[in-house]
Amino acid sequence: MPSNKAAYLLAAKSPFEFHPAPLTQPKPHQLLIRTRAIALNPIDAKVHRLAFFPLTYPVILGQDVAGEVVEIGPDVSRFKVGERVFGLAAGSYDEPEQKAFQEFVVLREDLAARVPEGMSWERAVVLPLGVCTATAGLFLEQHLGLKLPVIEVGTGRRERERERERETVLVWGGAGSVGGNAVQLATKAGYEVLSTCSPGNFEIVRGLGAREVFDYLSPTVVQDIVSALQRKRIAGILDAVGGAEAWKFCVEILKGVEGRKYIATVLPTSSFAPSHDDGIEIEQVQALSIKDTDVGKHVWEFLGKALEEGKYETAPEPLVAGRGLESLGKAVDVMWEGVSARKVVVVLD
Numbered sequence: 004m005p006s007n008k009a010a011y012l013l014a015a016k017s018p019f020e021f022h023p024a025p026l027t028q029p030k031p032h033q034l035l036i037r038t039r040a041i042a043l044n045p046i047d048a049k050v051h052r053l054a055f056f057p058l059t060y061p062v063i064l065g066q067d068v069a070g071e072v073v074e075i076g077p078d079v080s081r082f083k084v085g086e087r088v089f090g091l092a093a094g095s096y097d098e099p100e101q102k103a104f105q106e107f108v109v110l111r112e113d114l115a116a117r118v119p120e121g122m123s124w125e126r127a128v129v130l131p132l133g134v135c136t137a138t139a140g141l142f143l144e145q146h147l148g149l150k151l152p153v154i155e156v157g158t159g160r161r162e163r164e165r166e167r168e169r170e171t172v173l174v175w176g177g178a179g180s181v182g183g184n185a186v187q188l189a190t191k192a193g194y195e196v197l198s199t200c201s202p203g204n205f206e207i208v209r210g211l212g213a214r215e216v217f218d219y220l221s222p223t224v225v226q227d228i229v230s231a232l233q234r235k236r237i238a239g240i241l242d243a244v245g246g247a248e249a250w251k252f253c254v255e256i257l258k259g260v261e262g263r264k265y266i267a268t269v270l271p272t273s274s275f276a277p278s279h280d281d282g283i284e285i286e287q288v289q290a291l292s293i294k295d296t297d298v299g300k301h302v303w304e305f306l307g308k309a310l311e312e313g314k315y316e317t318a319p320e321p322l323v324a325g326r327g328l329e330s331l332g333k334a335v336d337v338m339w340e341g342v343s344a345r346k347v348v349v350v351l352d
């Protein structure tokens with residue numbers, strides 16, 4: 004029987020400590036995987052460095068993980084022991100077996116997909132949280148409620164483009180994890196996509212499917228996007244950056260265009276309220292809200308097939324900060340210093 008080890012936070016703002024952890028058997032519709040790569044997200048750094056919200060310690064962090072299936076629970080139909088998978092470690096902090104910063108992790112079957120042959124662990128592991136957050140914002144009915152993505156075949160793409168003519172999605176911040184996946188998913192759903200990022204990342208975002216890309220620091224960015232949206236109908240905005248400045252720009256854009264006056268954003272909006280006279284709504288997106296939904300199941304099944312067929316990019320690029328669980332502290336430092344169009348990854352041997 005293998006043994007497990009985890010990176011624990013024993014107290015707020017404390018360094019990681021590495022201790023034996025329970026090895027939990029998977030329940031129905033769950034997988035147990037041996038971790039081969041972990042990707043970090045901003046929330047991990049915020050919890051580690053800032054004690055971002057109250058927790059009962061000790062805790063294990065982490066949501067993005069890839070590895071080999073070592074055991075499947077009852078009723079699992081999509082995966083087999085020995086397969087290479089990646090997925091979202093979707094547990095709450097009081098479900099430590101479903102957190103990523105450990106050598107064995109329990110995943111939900113509906114929030115996992117196979118790693119295609121020839122793809123490295125570090126490339127696959129950049130996807131899960133970004134995919135889930137973008138999926139929630141774009142496709143859940145309580146947010147933008149867009150049509151679901153499909154793998155285009157034959158003449159279907161031309162037909163869908165005609166059907167969606169002049170329906171456009173704006174992704175504010177297309178070079179990061181959430182934004183890059185939002186650009187791809189909205190494009191695969193048949194929508195025209197506009198996006199923003201720094202000029203150095205324009206080609207990356209265009210390569211993910213954005214029709215036009217704008218410099219978010221340009222003093223004319225609002226006017227430029229409004230101009231590009233004339234004679235088009237906007238289906239809404241997915242804000243992958245968050246914060247008052249991004250929200251201000253997005254609101255000003257929606258005031259000047261026709262279509263859905265809705266912003267799905269990645270950060271809490273309690274400190275910001277656009278004028279209700281403009282009919283503009285802004286709501287925070289939660290990645291885990293796609294659990295147990297037809298939307299989540301569809302997108303994760305689509306994702307596995309699209310990756311297998313080479314029709315979906317793993318974005319952003321991985322930045323390997325170390326090897327082994329003991330590298331997680333260094334990885335948080337790298338993330339805290341700031342990265343652009345990259346995702347910090349730790350590889351386990």
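Positions in the sequence shown are counted from 1; adding 3 to them yields this note's numbering. A virtual CB, placed ideally from N, CA and C, is assigned to each residue, including glycine. What you are looking at is a predicted structure, and each value in this text was computed from that prediction instead of being measured.
### Task
Count the CB pairs spanning the stretch 216-231 and the stretch 122-139 that are closer than 8 Å, and state whether there are at least three.
no
### Closest residue to Ala-178 among Leu-149, Ala-192, Gly-212 (Cα-Cα distance)
Translated into positions along the sequence shown, residue 178 becomes position 175. Of the candidates Leu-149, Ala-192, Gly-212, the residue whose Cα lies closest to the Cα of Ala-178 is Gly-212.
### Query
What residues match up with Ile-285 in a beta bridge as DSSP calls it?
Counting from one through the sequence shown, the residue named residue 285 turns up at place 282. Ile-266.
#### Entry: According to DSSP, residues forming a beta bridge with Pro-321
Locating residue 321 in the sequence shown gives position 318, where the first residue counts as 1. Bridge partners of Pro-321: Lys-346.
### Query
How is Gly-76 classed by DSSP in three states: helix, strand or coil?
To locate residue 76, count along the sequence shown from 1; it is residue 73. DSSP places Gly-76 in coil when its eight states are reduced to three.
### Query
With a CB to CB cut of under 8 Å and the five nearest residues on each side skipped, what residues in its chain are close to Val-88?
As a working note, residue 88 is residue 85 in the sequence shown. The answer, listed in chain order, is Leu-34, Ile-36, Ala-69, Gly-70, Glu-71, Val-72, Phe-82, Leu-110, Ala-115, Ala-116, Arg-117, Val-118.
### Task
Please classify Asp-352: does DSSP put it in a helix, a strand, or coil?
In the sequence shown, residue 352 corresponds to position 349, counting from 1. Of the three classes helix, strand and coil, the one that applies to Asp-352 here is coil, per DSSP.
### Task
Could you please give me the residues that DSSP links to His-32 through a beta bridge?
Here the question's residue 32 lines up with position 29 in the sequence shown. BP columns for His-32 are empty, so no partner.
### Query
Looking at the structure shown, is Ile-154 part of a helix, part of a strand, or coil, going by DSSP?
By 1-based counting over the sequence shown, the position of residue 154 is 151. Ile-154 falls in the coil class under three-state DSSP.
### Task
Could you tell me whether the stretch 189-199 touches the stretch 145-153, where touching means 3 or more Cβ pairs closer than 8 Å?
yes
### Query
From this set, Lys-102, Ser-343, Leu-43, which residue's C-alpha is nearest Thr-27's C-alpha?
The residue given as residue 27 occupies position 24 in the sequence shown. It is Lys-102.
### Task
Tell me whether Ser-180 sits in a helix, a strand or coil according to DSSP, three-state version.
Along the sequence shown, one-based indexing puts residue 180 at 177. Looking at Ser-180 - three-state DSSP - the assignment turns out to be helix.
### Task
Rounded to whole angstroms, what's the CA-CA distance from Arg-263 to Arg-39? Just pull it up for me.
Translated into the one-based positions of the sequence shown, residue 263 becomes position 260. Translated into the one-based positions of the sequence shown, residue 39 becomes position 36. Distance between the alpha carbons of Arg-263 and Arg-39: 42 Å.
### Paired residues, beta bridge with Gly-140 - DSSP
Looking up residue 140 in the sequence shown gives position 137. None, per the DSSP bridge assignment.
### Query
Applying the criterion that 16 or more other CB atoms from any shown protein chain within 10 Å of the CB defines a buried residue, is Leu-13 buried or exposed?
Stepping through the sequence shown from its first residue, residue 13 is reached at position 10. When all chains shown are included, Leu-13 counts as exposed.
### Task
Go ahead and pull the three-state DSSP assignment for Val-108.
As a working mapping, residue 108 is identified with position 105 in the sequence shown. Here Val-108 sits in strand by DSSP.
### Message
What does the Cβ neighbour count give for Ser-221, buried or exposed, with the cut at 16 atoms within 10 Å?
### Response
Translated into the one-based positions of the sequence shown, residue 221 becomes position 218. It counts as exposed.
### Query
Which residue comes first and which comes last in the alpha helix (DSSP H) that contains Gly-210?
As a working note, residue 210 is residue 207 in the sequence shown. Run containing Gly-210: 205-210, per the alpha helix (DSSP H) assignment.
### Task
Express the C-alpha separation of Leu-331 and Tyr-11 in angstroms, rounding to a whole number.
Your numbering for residue 11 matches position 8 in the sequence shown. Your numbering for residue 331 matches position 328 in the sequence shown. Each residue's Cα considered, the two are about 11 Å apart.
### For Val-342 and Leu-310, believed in contact at Cβ under 8 Å, the rounded distance
Here residue 310 refers to the residue found at position 307 when the sequence shown is read from its first residue. Here residue 342 refers to the residue found at position 339 when the sequence shown is read from its first residue. A Cβ-Cβ separation of about 23 Å leaves Leu-310 out of contact with Val-342 under the 8 Å criterion.
### Message
Between which two residues does the beta strand (DSSP E) holding Arg-81 run?
### Response
The residue labelled residue 81 in the question sits at position 78 within the sequence shown. Neither: Arg-81 is in no beta strand (DSSP E) and is coded neither H nor E.
### Query
What's the C-alpha gap between Val-302 and Val-260?
Looking up residue 302 in the sequence shown gives position 299. Looking up residue 260 in the sequence shown gives position 257. About 29 Å.
### Query
So, using beta-carbon positions, are Thr-199 and Val-224 closer together than 8 Å?
Taking the first residue of the sequence shown as position 1, residue 199 is located at position 196. Taking the first residue of the sequence shown as position 1, residue 224 is located at position 221. In contact: Thr-199 and Val-224 (Cβ atoms closer than 8 Å).
#### Entry: Euclidean distance between Cα positions of Ile-256 and Ile-207
Against the sequence shown, residue 256 aligns to sequence position 253. Against the sequence shown, residue 207 aligns to sequence position 204. In a straight line, the C-alpha of Ile-256 is about 23 Å away from that of Ile-207.
### Message
Using only CA atoms, which one of Arg-345, Val-254, Val-84, Val-129 lies nearest to Gln-66?
### Response
For the purposes of this step, residue 66 is taken as residue 63 along the sequence shown, with counting starting at 1. Among Arg-345, Val-254, Val-84, Val-129, the Cα nearest to that of Gln-66 belongs to Val-129.
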